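*Asks:*
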Amino acid sequence: MSVRPTRSSYYEELRQRGYSRRDFMKFCATITAYLGLESSGVGQVVRALETKSRIPVIWLHFQECTCCSESFIRSSHPIVADILLDKLSLDYTETLMAASGHQAEKCMRDTMEKYKGEYVLCIEGSVPTEAEGVYCMIGGRTSFDILKEAAAGAKAVIAWGSCASNGCVQSAKPNPTGATPIHKLLKGTTVIKVPGCPPIGEVMAGVLVHLITFGTIPELDGVGRPKAFYSKRVHDTCYRRPFYDAGLFVERFDDENAKKGYCLYKVGCKGPLTYNACGVMKWNNGTSFPIQSGHGCFGCSEEGYWDAGGLYLRAQPFPGFGIESDADKIGTAAAIATGVGIAAHAVMTNVRKSRLIDNLVSEGKESEKEL
Amino acid sequence: MSTHKLRRVFVWELPVRIYHWVNALAIVVLCVTGYFIGKPPAMMFGGEAHERYLFGWIRFIHFVSAYIFLFNFVFRIYWGFVGNKYADWKNFIPTNRRYFKEMWHVLKIDILLMKGKEHLSVGHNALAGFTYFMMFLMFLVQIITGFGLYAAMSQSWIAGMFAWAPYLFGGDIILRQVHHITMWLFILFAIIHVYLVFYHDYVEGRGEVSSMAGGWKFIEEEVFEDTHHEKTSA
Chain A
1 MSVRPTRSSY YEELRQRGYS RRDFMKFCAT ITAYLGLESS GVGQVVRALE TKSRIPVIWL
61 HFQECTCCSE SFIRSSHPIV ADILLDKLSL DYTETLMAAS GHQAEKCMRD TMEKYKGEYV
121 LCIEGSVPTE AEGVYCMIGG RTSFDILKEA AAGAKAVIAW GSCASNGCVQ SAKPNPTGAT
181 PIHKLLKGTT VIKVPGCPPI GEVMAGVLVH LITFGTIPEL DGVGRPKAFY SKRVHDTCYR
241 RPFYDAGLFV ERFDDENAKK GYCLYKVGCK GPLTYNACGV MKWNNGTSFP IQSGHGCFGC
301 SEEGYWDAGG LYLRAQPFPG FGIESDADKI GTAAAIATGV GIAAHAVMTN VRKSRLIDNL
361 VSEGKESEKE L
Chain B
1001 MSTHKLRRVF VWELPVRIYH WVNALAIVVL CVTGYFIGKP PAMMFGGEAH ERYLFGWIRF
1061 IHFVSAYIFL FNFVFRIYWG FVGNKYADWK NFIPTNRRYF KEMWHVLKID ILLMKGKEHL
1121 SVGHNALAGF TYFMMFLMFL VQIITGFGLY AAMSQSWIAG MFAWAPYLFG GDIILRQVHH
1181 ITMWLFILFA IIHVYLVFYH DYVEGRGEVS SMAGGWKFIE EEVFEDTHHE KTSA
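Chains as they are written, first to last, in the numbering used here: chain A, 1 to 371; chain B, 1001 to 1234.
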């Protein structure tokens, strides 16, 4: 893709591609709902997409598996892919651009210069910092180098997925490449984190539409995730919640309770600890999500979920005590040790303080006799 | 062998005793319900989920007890500034060298059972006081992690005050882990605490066990005279 000299509005581009006004309105209504805006917000989204020219986007791929891109191009509404991927003018993205080699690198540089302060920088993947960053080099430059340069002129920085937001699997212990999430490298820059492995396509689209419509970054929570999508736990919107409240749990993946569709809490579901919109938006055109297909959530959008241990364990192993050690096992062992210690202390007290105790006893007995 | 005349000392005021037992009850309830929340028992049930709310009730009791525990703790901190000398905050936080010396002395005599002059204190001894201070910090950890986990499912501003906790600890997963292991510290504390109460009653015979009911301890007349002298001459 090359830098387009003239920039038409999203609506114009869509009409040229053969979408009807009705398709466009349906899309606006859908995405408004995703954004959690009230119905009057539809007008705002429509007006923005009608009038605003396309935002140039630089989409960088570092240490990642491209599952975020995959998720994004499978957003349920066809316009999402068309408008945001094709028409959003992805001026540079390794996966989908036509150009390659020096041409591609030139494209990126052109966009960064021409649209300085206007383009949106999307980052998929973490950045390795060990060995001066040689573990991820593109066009002969380290990813950290490219990131710093691209972020300097960006209007907004989005960290797609758990890699860019939290480091994901490559930053799990012992993290040999020093994989580092984006916000730790861009100190002082607001990074919109969209964690998940991958994040839901509609959530990604929603974040971009918010940027286009309002020209501002969406409201973020304490760690930088958009509140519209990450303020609730998977647990809070889970359709199996009544089984949880009733105390009805799957004990094993192949038991009768699993067939009945009981709550997956005891087979390690991290829904109660995971902030994401899976229970509401679901995946693949709203078809399903892990819990619906009988598999517990393992918290892919949570920080450090690999190191937390036991993707299928309710009680996680305790760091430093081995894989079999959960808090209860350590606690029970400590309680037994304490009990043994107390028993020994009690015996020793009778030995070491026998005179003191004897005096008390005989004093008491004497008074008893005298009465 | 000598017989002692005992003198009655009012040690634990009524608010301190109420605090103690509310706290003890809350901790027992929190630990039991908390253990079930962490490891729910397997149960056979033929009916429909809507027919019961067992786990919901367990959690509800846990949350109610947590509020009671929190406000009780806040009250105790307040009482540390207005209560009698045995309830004063200075019993818990070392402010001078004598405090450290006494801690060392108690450790030698009562924990390591070394020979030496018996340490007889009326309220908390220094080691106990400092242990309670550590315990208060443990309370704080448990309140922050617990209400931090609870904030996401609560509309209450009290829980909302702890909404930053997941961000500080790096997510709910680790928060839950800390909350769970701290529960075991409570259990260990309770075991040792109860044992040492009986220990003191056994070797000192001053009514340590009953003091948290009536508020009284009984000290030997000569100990009273000595302490009284020290104070008036100092």
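Just so you know, even glycine gets a beta-carbon here, dropped at the ideal spot from N, CA and C. As the structure is a computational prediction, the values presented were derived from the model and not from experiment.
(1) Return yes when the Cβ of residue 300/A is within less than 9 Å of the Cβ of residue 195/A, no when it is not.
(2) Residue 128/A CB to nearest chain D CB: under 9 Å?
(3) Could you pull out every residue in the same chain whose Cβ sits closer than 7 Å to the Cβ of residue 336/A, ignoring the five residues on either side in sequence?
(4) Among 304/A, 211/A, 331/A and 99/A, whose alpha-carbon lies nearest the alpha-carbon of residue 1180/B?
(5) Applying a beta-carbon distance threshold of less than 7 Å, which residues of chain A neighbour residue 1045/B?
(6) Using DSSP with H/G/I as helix, E/B as strand and the rest coil, what is residue 1006/B?
(7) If we count Cβ pairs, one from each stretch, closer than 8 Å, do we get three or more for the segment 205-221 of chain A versus the segment 43-57 of chain A?
(8) Just by C-beta distance, which residues in the segment 1147-1164 of chain B are closer than 9 Å to chain A?
(9) From 221/A, 22/A, 180/A and 235/A, pick the residue whose C-alpha is nearest to that of residue 273/A; which is it?
(10) Going by DSSP, what residue range makes up the alpha helix (DSSP H) through residue 947/B?
(11) Note down, in chain order, every chain B residue with its Cβ under 7 Å from the Cβ of residue 233/A.
(12) For the segment 1145-1162 of chain B against the segment 1060-1074 of chain B, are there 3 or more C-beta pairs whose distance is under 8 Å?
(13) Find out if the Cβ-Cβ distance for the pair residue 279/A, residue 312/A is shorter than 9 Å.
(14) Quick one: is residue 316/A near chain B, going by C-beta distance under 9 Å?
(15) Buried or exposed: which applies to residue 112/A, given that a residue is buried once 16 or more other Cβ atoms fall within 10 Å of its Cβ?
(16) I'd like to know if residue 253/A contacts chain B, where contact means its C-beta is closer than 9 Å to some C-beta of that chain.
(17) Let me see if you follow: with CB-CB separation under 9 Å, is residue 1223/B close to chain A or not?
(18) Examine chain B for any beta-carbon lying closer than 9 Å to the beta-carbon of residue 172/A, and answer yes or no.
(19) Just the C-alpha distance for residue 1183/B and residue 302/A, rounded to the nearest angstrom, thanks.
(20) Who are the Cβ neighbours of residue 959/B in its own chain at under 7 Å, not counting the five residues just before and after it?
(21) Along the alpha helix (DSSP H) that carries residue 1073/B, what are the first and last residues, could you check?
(22) Grab me the residues of residue 1221/B's own chain with a C-beta within less than 8 Å of its C-beta, minus the 5 sequence neighbours each way, in chain order.
(23) Check for me: the beta strand (DSSP E) holding residue 116/A runs from which residue to which?
(24) Run the CB neighbour count on residue 1078/B, radius 10 Å, all protein chains shown included, and call it buried at 16 or more, exposed below.
(25) Taking residue 305/A and residue 1173/B to be in contact with their CB atoms under 8 Å, please state how far apart those CB atoms are, rounded to whole angstroms.
(26) Hey, is residue 1070/B's beta-carbon within less than 9 Å of any beta-carbon in chain A?
(27) Consider the Cβ of residue 1183/B: report whether some Cβ of chain A lies at a distance smaller than 9 Å.
(28) In chain order, what residues of the same chain have a beta carbon less than 7 Å from the beta carbon of residue 138/A, not counting five sequence neighbours either side?
(29) Taking residue 151/A as the reference, give the member of 340/A, 307/A, 370/A and 60/A with the closest Cα.
(30) Let me know the secondary structure DSSP gives residue 193/A once reduced to three states.
(31) Can you tell me whether DSSP reads residue 127/A as helix, strand or coil?
(32) Grab me the residues of residue 142/A's own chain with a C-beta within less than 6 Å of its C-beta, minus the 5 sequence neighbours each way, in chain order.
(33) Got a sec? Which residues, its chain only, sit under 6 Å from residue 41/A by beta carbon, not counting five neighbours each side?
(34) Alpha carbon to alpha carbon, what distance is there between residue 175/A and residue 3/A?
(35) Nearest to residue 1110/B by CA position, among 184/A, 366/A, 356/A and 364/A, is which residue?
(36) Hey, residue 1136/B and residue 1073/B: beta-carbon distance below 9 Å or not?
*Replies:* Let me lay it out:
(1) Going by C-beta atoms, residue 195/A is nearer than 9 Å to residue 300/A.
(2) Here chain D cannot be found, since the structure's protein chains are A and B.
(3) The beta carbon of residue 336/A sits closer than 7 Å to none of the beta carbons in its chain outside the five residues before and after it.
(4) The candidate whose alpha carbon is nearest that of residue 1180/B is 331/A.
(5) At a C-beta separation below 7 Å, residue 1045/B has these neighbours in chain A: 248.
(6) Residue state, collapsed to three classes: strand.
(7) Yes, they touch.
(8) Correct list: 1149, 1152, 1153, 1163 and 1164.
(9) Measuring from the Cα of residue 273/A, the nearest candidate turns out to be 235/A.
(10) Absent from the model: residue 947/B. The displayed extent of chain B is 1001 to 1234, so no value can be given.
(11) Close partners of residue 233/A in chain B (Cβ separation under 7 Å): 1152.
(12) Two segments are said to touch when three or more pairs of C-beta atoms, one from each, lie closer than 8 Å; by this definition the segment 1145-1162 of chain B touches the segment 1060-1074 of chain B.
(13) No, the pair does not count as a contact, with Cβ atoms beyond the cut-off.
(14) A Cβ of chain B is located within less than 9 Å of the beta carbon of residue 316/A.
(15) Label assigned to residue 112/A: buried.
(16) So, not an interface residue.
(17) Closer than 9 Å: no.
(18) By the rule that beta-carbons nearer than 9 Å mark a contact, residue 172/A does not touch chain B.
(19) In this structure, the straight-line span from the alpha carbon of residue 1183/B to that of residue 302/A is close to 24 Å.
(20) For chain B, the structure presents residues 1001 to 1234; residue 959/B sits outside this window and is missing.
(21) Unbroken alpha helix (DSSP H) run through residue 1073/B: 1054-1082.
(22) The answer, listed in chain order, is 1004, 1005, 1006 and 1007.
(23) Element bounds for residue 116/A: n/a, residue is neither H nor E.
(24) It is exposed - the Cβ of residue 1078/B has fewer than 16 other Cβ atoms within 10 Å.
(25) About 7 Å; that satisfies the 8 Å criterion.
(26) Residue contact check for residue 1070/B against chain A: no CB pair falls below 9 Å.
(27) Between residue 1183/B and chain A, the shortest Cβ-Cβ separation is below 9 Å.
(28) Excluding residues within five positions, the ones whose Cβ falls inside 7 Å are 146.
(29) For the residues 340/A, 307/A, 370/A and 60/A, the minimum Cα distance to residue 151/A belongs to 60/A.
(30) Looking at residue 193/A - three-state DSSP - the assignment turns out to be strand.
(31) In the structure shown, the three-state DSSP call for residue 127/A is strand.
(32) 133.
(33) The answer, listed in chain order, is 32.
(34) Reliability of the predicted coordinates at residue 3/A is poor, the pLDDT of 44 falling under 50, and no value is obtained from them.
(35) Among 184/A, 366/A, 356/A and 364/A, the Cα nearest to that of residue 1110/B belongs to 356/A.
(36) A contact, by the Cβ cut-off of 9 Å.
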